[in-house]
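Residue numbers (the numbering used here): 6 to 135.
Here a beta-carbon is modelled for each residue, glycine too, at the ideal position from N, C-alpha and C.
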């Protein structure tokens with residue numbers, strides 16, 4: 006989700022910089038957006054993900070191409086399209102797997118002590134004494 010947020014925010018920035026004429030800031034924002042989408046694509050597990058993974062990969066490639074088009078032709082329409090696609094995917098992932106706060110791992114029990122007779126415990130303590 007972090008990569009989606011980064012990509013969405015940078016595409017919005019790119020659009021703002023395009024409209025204001027700030028070429029350097031636009032180039033930086035679009036570069037970061039492209040990197041985030043590249044990371045999303047690289048994170049796909051094509052063996053486990055099957056068809057959905059292949060389709061997402063194609064969609065990420067398409068978005069990369071649209072970013073290049075927006076930058077080269079200095080057009081806002083491809084940015085709006087990429088922004089819409091990223092927003093839709095981000096919302097879909099939130100529905101599939103809602104964010105949960107991290108939970109502490111349960112305390113481990115000590116089964117190696119529970120199954121031993123008390124006599125063995127005493128021997129173990131003696132063998133470790135100095």
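Excluding the five sequence neighbours on either side, which residues of its own chain have a C-beta within less than 6 Å of the C-beta of residue i, listed in chain order?
| i | result |
| --- | --- |
| residue 154 | Because the chain is modelled from 6 through 135, residue 154 falls outside the range shown and cannot be assessed. |
| residue 78 | none |
| residue 41 | 8, 11 and 12 |
| residue 37 | 15 |
| residue 18 | 34 |
Kindly list the residues whose CB is nearer than 7 Å to the CB of residue i, restricted to its own chain and excluding five residues on each side of it in sequence; keep chain order.
| i | result |
| --- | --- |
| residue 94 | 9 |
| residue 87 | 16, 68, 71 and 72 |
| residue 30 | 22 |
| residue 61 | 49 |
| residue 65 | 42, 45 and 46 |
| residue 59 | 51 |
| residue 39 | 69 and 72 |
Can you tell me whether DSSP reads residue i as helix, strand or coil?
| i | result |
| --- | --- |
| residue 26 | coil |
| residue 90 | helix |
| residue 100 | helix |
| residue 37 | helix |
| residue 48 | coil |
| residue 11 | helix |
| residue 81 | coil |
| residue 19 | helix |
| residue 6 | coil |
| residue 117 | Low local confidence applies: a pLDDT of 49 at residue 117 is under 50, so the model's placement there is unreliable, and no value is given. |
Leaving out the 5 sequence neighbours to the left and right, which residues in its chain are closer than 8 Å to residue i when beta-carbon positions are compared?
| i | result |
| --- | --- |
| residue 137 | No information on residue 137 is available, as it lies outside the stretch 6 to 135 that the chain covers here. |
| residue 6 | 95, 98, 99 and 104 |
| residue 92 | 13 |
| residue 85 | 20 |
| residue 32 | 76 |
Would you say residue i lies against chain B (beta-carbon separation less than 8 Å)?
| i | result |
| --- | --- |
| residue 101 | Going by chain labels, chain B is absent from the structure shown, which holds only one protein chain. |
Validate contact between the stretch 23 to 31 and the stretch 44 to 64 using beta carbons, cut 8 Å, 3 pairs:
no
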